[in-house]
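Before any comments, here is the structure.
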Amino acid sequence: MDTVTIINALVSGLLTGLVYGLSALGLSVIFGVIRIVNFAHGELMVLGMFLALLLFRWLGLDPLWSVPIGAALLFLVGYALQHFVVRRVAYLPDHMQFLLLAGIAIMLVSACLVAFGPDAQGVQLDYALDSFALGSLIIDKVRLYAALAAIAVASALLLFFKYSPTGRAIRACADNHLGAKVVGLNVDRLYALTFGIGAACIGAAGCIILLLVQVHPYLAPPYTLLAFIVVIIGGMGSLFGALLGGILIGVAEELASIVGEPSLKTAFSFALLIVVLLLRPQGLLGRAVR
Amino acid sequence: MSDLTASGRAALIAFAALLLVLPWVVSSYVLSVAVICLYLAYVGQAWNLMLGFAGLLSIGHALFVGLGAYASGYLFAKYDVPPAIGIVAAVAIAMLMGAVIGYLGFRFAIGGVYFALLTIAFAEFVRILLEHAKFLGGTQGLFLPVSQESRRGVDLINLRGWPEMYYYVILALCLGAFVLCRALLESRVGYYWRAIRDNPEAAAAVGVDIFRFRMYAVVLSAGMTGAAGVFRAFYDNLLFPDQVLNIEKSIEITLAPIVGGVGTLFGPIFGAFVLTPLSELLTDVVEGLKDLGIIAKNVKTDGAKLLFWGLAVVLIVLFKPTGLWPWVCRRLGLVKAPGARS
Amino acid sequence: MTRKSPNNRIERRKFLAGAAAGTVAAAVPLRFAHGQGQKLKVGVLLPRSGPQAQIGIDCQRGADCAPEVLKAKGYPEFEFVLGDTETKPEIARAQAEKMIGQGIHILVGCFDSGQTMAAAQVCEQKGIPFSVSIAAVPALTEQGYKTVFRNFPTGPMIAADSFNLQKALFQSTGKAPQTVVMLHVNDTFGMSQKDANVAGAPKFGMPYKFVDTIAYDPTARDLSAEVRKAKATNADMLWVISRLNDAILICQEMVKQRWEPMGILSSGPGWYDVPFMKALGKYGDDVVSTVPWHDPKKATSKALEAVFKKKFPDRELNTNHTYTFEGVMVAVDAFKRAGSTEPGKLIEALKKTDIKDNVVTGPGVKFNAKGQNADIKMSAIQNRGGKNLVIFPAEAAQAKPNWPMRPWGKRG
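Chains G, R and U are the protein sequences, given in the same order. Letter 249 of the first sequence, counting from 1, is numbered 249 in the numbering used here, and no numbers are missing. Letter 233 of the second sequence, counting from 1, is numbered 523 in the numbering used here, and no numbers are missing. Letter 150 of the third sequence, counting from 1, is numbered 782 in the numbering used here, and no numbers are missing.
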């Protein structure tokens, strides 16, 4: 395999990985703070994709401009989910939480099925197939924009959590649930905010991913699994970790495809997941959780 | 039987009697649905062991089904090894896999959600490997030869015969699992399990070897599920990795016991017998509602059906988190003491 | 409700008091089957929910055209009983049981190989004839089933004919590739096609050799690495076997990565579909698909096209529609000749099927001893401006081929 191909592969893997990372950000935020594993992750993303699709159809909005709208709408969905439903199972065992979110995922899929039908649908943009050429390095325009958007969203999130009072309050809840309550923080409201923020990330990712992939109601499961892999490798609860994990997986899958058989690349990712789970379950940048 | 009331005993006997005579009174369609029910009840019971007794949530149990199915199926298709013998290999391989996952989980102290993700990862990894294993058919599937003559009669060695025979085989498996679990629960192993489940630190403090007993539960659960894989192979006669080992199948295995009641003996059976016919009936219910005008005609049936399904699951989790069976038990007065597990 | 049990197991069954048996026996749907009259009940079993729902629903469109087209041809009336496999073989099995219990005389379906095999087992057990509309797995007609009749090419047949059509293409345009890279989905169809193609190319004396065969995961969300790998081989021609969603991803990647081989050849679904052409626009043109297809010059074909356009003006007639339609036609044709809904008579009639004015390419519908129509021919079709035009075989051709394909930048 020649160098040009490898360099192209690395760049593409990096860009794709950033988008994977953005999609996993939401999962990481939710788990890092609320300690709920969101099995409806992929389905929320598909919801975001359909929203972007509708905005494109009705208003001619490029999905990139839909990102703030998609994020806002999914924020409301996430907030409502946590406040009305997920909160009630906080003290139930893991398998009940898993089943609840699996049930919600099923409801989301069926809602999309009823509203949109099973056919795959997408957006047709003028620049969708453009690429920049720097010598023999070809960079996919859409992927580049997607990666930049991912970085922007991640940075905004990081600043929010680091500097804003609400952000710090949320981190306090994550660090010490009981202590947060003791100092008078409204933990329920903060959890709902967190779920909303996580869902907003997922919604943003969905709008961006619509540029790359067609949407249909059954699209979700591989994305949920992918998000888990990225978050665990990068570290649950770490924003940079999610991005880093995304990049790692993006690049690893590209290289695995080039060196080996592409159909095994997901197996490679799962093998990586197993190794990380065993050796360092908190991931590369996560805090140690046992 | 001692913790059942009189009506509980009567209900149990009636249910058992119904199951015994079912093939004689129903159509082959209902019989095939009953086989699905019993299969899910059996694997659900096996899965329940791991969660209810070892405290480990597995969302990759289809892995053990797949290993059992492929092991026995391959031996039969390639080497004419009858399933009566092949089941030994199937269960052994499944148990080995279970031991590996259990060991990794315990030694690296992975619990809860992380363990569940570990099981998912293993299942997916093996699934993809199987898709690339040409000698096992890969994505083109493993076919078990079936001759028309072998569909008559009863051949338990080769698991070939009337559809009714398959029904009784899975019924026997299901009953066997039920009896085995009950016996185990009442034994010393069972008490250790309950101790570990309820308070691991206290159990360890009184000297119970947590690792060993948890491993027993995991390996037993995996082995029983491997046996289910053998049934699957010889009932379907056709194995595709993405049909046998995919994550939806794993989730399907967990539904009946969670809905019925994790940790209860009868919960998985109850759950399976509620969910499976519900799924079949839901299509007709939706069509009926359309006829009655309650739902608009142009709403797609499969979407509506899935919506009901999801809603049912969510409602059960929110309002009956210990499962439906304990609630049904109390309401119908089937058990004696409150809080008793049946 | 009585059930006929052709394999003589009535003596083994005792129906208890009618009410209990009746209620449980039917798992009575709220809409139930009417009594068994002399009208043919055709069961159509397809994946209508689950991941293959899009395809199953598309197949049904072909069946929907059957009543009108067949009536015009003088066939007797019939009624449908619809079933949903939910994209799962065990549900396909149960639904086949259910539909037979509801009194269907013949089954049509199921698109997916696994589901079709599961339903075939049930039909064989119950002695109900099965007119397979779409399923390529060779094993289906190798099991010695007496009730299965498949009017669809097997995987090997599709592969073999692809070579013939390619030869015609290269000959008529004078441009043949020296090297070919194959990109295929790692599922039943993709794998079997790849094996057949790699083995067959030297046997058919093709002018090229395969520089690589690249398999990709059916659940892959991103195919840029795969396309990059294929591009790096510098092969003259890309031979691709994929599904609709992958087709869109692959073609988009080819444009983005600026890869312009001599041509793109597909021997599977997806590349000719309307959603593909809509998604790719001008970049979706010039793809050649060697697939089972209808012969646009045949009379019944034209009739079907007319009815189809009326019912579904936004869609183009494709393999799903034509073969499902023809599966129904085979069933009704057998009924017409048998003059009875009795399964044994239908099966006898099916064996003697000989329909010359059918829809799909080839001399007609005739089944060999294994229940397979071995005469089916594939067509080479090319995408042009949102339409699929037949370029080979000559008898069915509608246009001359564009080969090599036009570079991406030079498309109007």
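Beta carbons are placed, not taken as given, at the ideal position from N, Cα and C, and that holds for glycine.
Reduced DSSP secondary structure (H/G/I, E/B, other) of residue 715 of chain U: As a working note, residue 715 of chain U is residue 83 in the third sequence. Strand.
Indicate the three-state DSSP secondary structure (helix, strand or coil) for residue 398 of chain R in the structure shown. As a position in the second sequence, residue 398 of chain R is number 108, starting the count at 1. Coil at residue 398 of chain R, not helix or strand.
Give, in chain order, every residue of the stretch 712 to 743 of chain U whose Cβ lies closer than 9 Å to some Cβ of chain R. Residues of the stretch 712 to 743 of chain U that bring their beta carbon within less than 9 Å of a beta carbon in chain R comprise 716, 718, 720, 721, 722, 723, 725, 726, 727, 728, 729, 730, 731, 732, 733 and 734, in sequence order.
For residue 1046 of chain U, does the three-state DSSP call read helix, strand or coil? In this structure chain U extends from 633 to 1044, so residue 1046 of chain U is not present and cannot be described.
Are the CB atoms of residue 493 of chain R and residue 384 of chain R within a distance shorter than 8 Å? Taking the first residue of the second sequence as position 1, residue 384 of chain R is located at position 94. Taking the first residue of the second sequence as position 1, residue 493 of chain R is located at position 203. No Cβ-Cβ contact shorter than 8 Å links residue 384 of chain R with residue 493 of chain R.
One question on the structure: do residue 335 of chain R and residue 824 of chain U come within less than 8 Å of each other, judged by their Cβ atoms? Position 45 of the second sequence, counted from the start, is the residue given in the question as residue 335 of chain R. Position 192 of the third sequence, counted from the start, is the residue given in the question as residue 824 of chain U. In this structure, the beta-carbon distance from residue 335 of chain R to residue 824 of chain U does not fall below 8 Å.
Can you have a look at residue 504 of chain R and say buried or exposed, based on whether 16 or more other CB atoms are within 10 angstroms of its CB? Along the second sequence, one-based indexing puts residue 504 of chain R at 214. Buried, by the Cβ-count rule.
Is the beta carbon of residue 35 of chain G within less than 7 Å of some heavy atom of the ligand GDP? Questions concerning the ligand GDP fall outside what the structure shown contains, since it holds no ligand whatsoever.
Report all residues from its chain with a CB closer than 7 Å to the CB of residue 428 of chain R; omit the five preceding and five following residues, and keep chain order. The sequence position of residue 428 of chain R within the second sequence is 138, counting from 1. Excluding positions up to five away in sequence, the list reads 421 and 422.
Straight-line gap, residue 679 of chain U to residue 1013 of chain U (C-alpha atoms, nearest Å): Here residue 679 of chain U corresponds to residue number 47 of the third sequence, with the count starting at 1. Here residue 1013 of chain U corresponds to residue number 381 of the third sequence, with the count starting at 1. The alpha-carbon atoms of residue 679 of chain U and residue 1013 of chain U are separated by roughly 26 Å.
Using a Cβ-Cβ distance under 8 Å, would residue 312 of chain R count as near chain G? To locate residue 312 of chain R, count along the second sequence from 1; it is residue 22. By this cut-off, residue 312 of chain R is not an interface position.
I'd like to know whether the C-beta of residue 604 of chain R is nearer than 8 Å to at least one C-beta of chain B. The question asks about chain B, but that chain is absent: this structure's protein chains are G, R and U.
Residues of the stretch 807 to 832 of chain U whose Cβ lies closer than 8 Å to any Cβ of chain R, in chain order: Taking 8 Å as the upper bound on Cβ-Cβ separation, chain R lies near residues 818, 819, 820, 822, 823 and 824 of the stretch 807 to 832 of chain U.
Quick check: residue 817 of chain U and residue 878 of chain U, are their CB atoms within less than 8 Å of each other? Numbered from its first residue, the third sequence carries residue 817 of chain U at position 185. Numbered from its first residue, the third sequence carries residue 878 of chain U at position 246. The answer is yes: Cβ separation under 8 Å.
I think residue 8 of chain G touches residue 137 of chain G, with their Cβ atoms under 8 Å apart; what is that distance to the nearest whole Å? Within the first sequence, numbered from 1, the residue matching residue 8 of chain G stands at position 8. Within the first sequence, numbered from 1, the residue matching residue 137 of chain G stands at position 137. About 6 Å; that satisfies the 8 Å criterion.
Return the residue from the list R/531, R/547 and R/314 that minimises the CA-CA distance to residue 363 of chain R. On the second sequence, position 73 is the one that residue 363 of chain R refers to. Nearest Cα to residue 363 of chain R within the set R/531, R/547 and R/314: R/531.
Under the assumption that residue 526 of chain R contacts residue 729 of chain U (Cβ atoms under 8 Å), give the Cβ distance between them as a whole number of angstroms. Indexing the second sequence from 1 puts residue 526 of chain R at position 236. Indexing the third sequence from 1 puts residue 729 of chain U at position 97. 14 Å between Cβ atoms; not a contact.
Roughly how many angstroms separate the alpha carbons of residue 697 of chain U and residue 934 of chain U, rounded to a whole number? The residue you call residue 697 of chain U lines up with position 65 of the third sequence. The residue you call residue 934 of chain U lines up with position 302 of the third sequence. Taking the straight line joining both Cα atoms gives about 12 Å.
Note the first and the last residue of the continuous alpha helix (DSSP H) segment covering residue 342 of chain R. Taking the first residue of the second sequence as 1, we reach residue 342 of chain R at position 52. Per DSSP, residue 342 of chain R belongs to no alpha helix (DSSP H) and is neither H nor E.
On the DSSP bridge assignment, give the partners of residue 871 of chain U in chain order. Numbered from 1 along the third sequence, position 239 holds the residue referred to as residue 871 of chain U. Paired residue(s): U/814 and U/897.
Under 7 Å from the C-beta of residue 541 of chain R: neighbouring residues of chain G: By 1-based counting over the second sequence, the position of residue 541 of chain R is 251. Within 7 Å Cβ-Cβ: 102.
Under a Cβ-count criterion, where at least 16 other Cβ atoms within 10 Å of its own Cβ denotes burial, should residue 477 of chain R be classed as buried or exposed? Residue mapping note: residue 477 of chain R aligns to position 187 of the second sequence, counting from 1. With fewer than 16 other beta carbons inside 10 angstroms of its own, residue 477 of chain R counts as exposed.
Going by CA-CA distance only, name the one from R/559, R/617, R/621 and R/448 that's closest to residue 377 of chain R. To locate residue 377 of chain R, count along the second sequence from 1; it is residue 87. Closest in C-alpha terms to residue 377 of chain R, from the list R/559, R/617, R/621 and R/448, comes R/448.
Same chain, Cβ closer than 6 Å to residue 690 of chain U, neighbours up to 5 away in sequence not counted: Within the third sequence, the letter at position 58 stands for residue 690 of chain U. Listed in chain order, the non-local C-beta contacts of residue 690 of chain U below 6 Å within the same chain comprise 952, local neighbours out to five positions each way being set aside.
Counting only C-beta atoms, is residue 253 of chain G closer than 8 Å to chain U at any point? The residue labelled residue 253 of chain G in the question sits at position 253 within the first sequence. With 8 Å as the cut-off, residue 253 of chain G counts as an interface residue toward chain U.
Hey, out of U/789, U/760 and U/864, whose CA is closest to residue 900 of chain U's CA? On the third sequence, residue 900 of chain U is found 268 positions in, with the first residue counted as 1. Nearest neighbour of residue 900 of chain U by Cα position, chosen from U/789, U/760 and U/864, turns out to be U/789.
Do residue 543 of chain R and residue 325 of chain R come within 8 Å of each other at the CB atom, strictly closer than that value? Translated into the one-based positions of the second sequence, residue 325 of chain R becomes position 35. Translated into the one-based positions of the second sequence, residue 543 of chain R becomes position 253. The Cβ-Cβ distance between residue 325 of chain R and residue 543 of chain R does not fall below 8 Å.
In terms of DSSP beta bridges, what is residue 95 of chain G paired with? Indexing the first sequence from 1 puts residue 95 of chain G at position 95. DSSP, once it has assigned bridges, lists no residue as partnering residue 95 of chain G.
Are at least three pairs of beta-carbons, each pair with one atom in the stretch 236 to 252 of chain G and one in the stretch 3 to 21 of chain G, less than 8 Å apart? Flag = yes, the stretch 236 to 252 of chain G and the stretch 3 to 21 of chain G touch.
If distances are taken between C-alpha atoms only, which option among R/322, R/556 and R/599 comes closest to residue 575 of chain R? Indexing the second sequence from 1 puts residue 575 of chain R at position 285. Of the residues R/322, R/556 and R/599, the one whose Cα lies closest to the Cα of residue 575 of chain R is R/599.
How many Å lie between residue 990 of chain U and residue 938 of chain U at the Cα? Looking up residue 990 of chain U in the third sequence gives position 358. Looking up residue 938 of chain U in the third sequence gives position 306. Rounded to whole angstroms, residue 990 of chain U and residue 938 of chain U show a C-alpha spacing of 15 Å.
With distances taken from CA atoms, which of U/940, U/850, U/802 and U/755 is nearest residue 777 of chain U? Mapped onto the third sequence, residue 777 of chain U falls at position 145. For residue 777 of chain U, the nearest C-alpha among the options comes from U/755.
Give the interface partners of residue 757 of chain U over in chain R, defined as CB-CB distance under 7 Å, in chain order. Residue numbering aside, residue 757 of chain U sits at position 125 when the third sequence is read from its first letter. Here the neighbours are 441.
Identify each residue in the stretch 395 to 427 of chain R for which the Cβ-Cβ distance to at least one residue of chain G is less than 8 Å, and report them in chain order. Correct list: 398, 399, 400, 402, 403, 404, 406, 407, 408, 410, 411, 412, 414, 415, 418, 419, 421 and 422.
Report yes if the C-beta distance between residue 113 of chain G and residue 593 of chain R is below 8 Å; otherwise report no. Position 113 of the first sequence, counting from 1, holds the residue named residue 113 of chain G. Position 303 of the second sequence, counting from 1, holds the residue named residue 593 of chain R. Taking C-beta atoms as the reference points, residue 113 of chain G and residue 593 of chain R count as a pair closer than 8 Å.
Taking DSSP as the reference, what is the three-state secondary structure of residue 648 of chain U? Translated into positions along the third sequence, residue 648 of chain U becomes position 16. Confidence in residue 648 of chain U is poor, its pLDDT being 29 and thus under 50, which makes the residue's placement too unreliable to answer from.
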